[in-house]
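*Asks:* In the working numbering, the protein residues as written are 508 to 583.
For each residue, glycine too, the CB sits at the ideal point set by N, CA and C.
Keep in mind it's a predicted model, so treat the numbers as computed, not measured.
Here it is: the structure, laid out below.
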């Protein structure tokens, strides 16, 4: 697996995220924050958390965590 500190794509994504607050109007930034907020929690469709199979969810949980971190960086 590539080192995240040396992966050019991840570096570019990080720079874009850092620039977004200055590039987006208030309404556009809020729209991005709203979009991220909807994706920060994994919705598995199960009412009983104990009934959810954990296998295969690691990636989805990591994606939700990444959206949380992006929202924090944007000041959402």
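#1: Here's a check: name, in chain order, each residue in its chain whose Cβ is nearer than 6 Å to the Cβ of residue 546, leaving out the five neighbours to either side.
#2: With 16 as the cutoff for other CB atoms within 10 Å, does residue 578 come out buried or exposed?
#3: Following the continuous alpha helix (DSSP H) through residue 540, name the residue where it begins and the one where it ends.
#4: Looking at the secondary structure, which residues open and close the alpha helix (DSSP H) in which residue 529 lies?
#5: Following the continuous alpha helix (DSSP H) through residue 564, name the residue where it begins and the one where it ends.
#6: How many Å lie between residue 537 and residue 517 at the Cα?
#7: Would you grab the beta carbon distance between residue 581 and residue 540 for me? Rounded to a whole angstrom, and I think it's under 8 Å.
*Replies:* The structure says:
#1: In the chain shown, counting from the first residue as 1, residue 546 sits at position 39. Excluding residues within five positions, the ones whose Cβ falls inside 6 Å are 574.
#2: Mapped onto the chain shown, residue 578 falls at position 71. When all chains shown are included, residue 578 counts as buried.
#3: Here residue 540 is taken as the residue at index 33 of the chain shown, counted from 1. Unbroken alpha helix (DSSP H) run through residue 540: 533-545.
#4: Numbered from 1 along the chain shown, position 22 holds the residue referred to as residue 529. Residue 529 -> alpha helix (DSSP H) spans 515-530.
#5: Taking the chain shown and counting its residues from 1, the one referred to as residue 564 is at position 57. No alpha helix (DSSP H) holds residue 564; DSSP gives it neither H nor E.
#6: In the chain shown, counting from the first residue as 1, residue 537 sits at position 30. In the chain shown, counting from the first residue as 1, residue 517 sits at position 10. Roughly 23 Å between the two C-alpha positions.
#7: Locating residue 581 in the chain shown gives position 74, counting from the first residue. Locating residue 540 in the chain shown gives position 33, counting from the first residue. Confirmed, about 6 Å.
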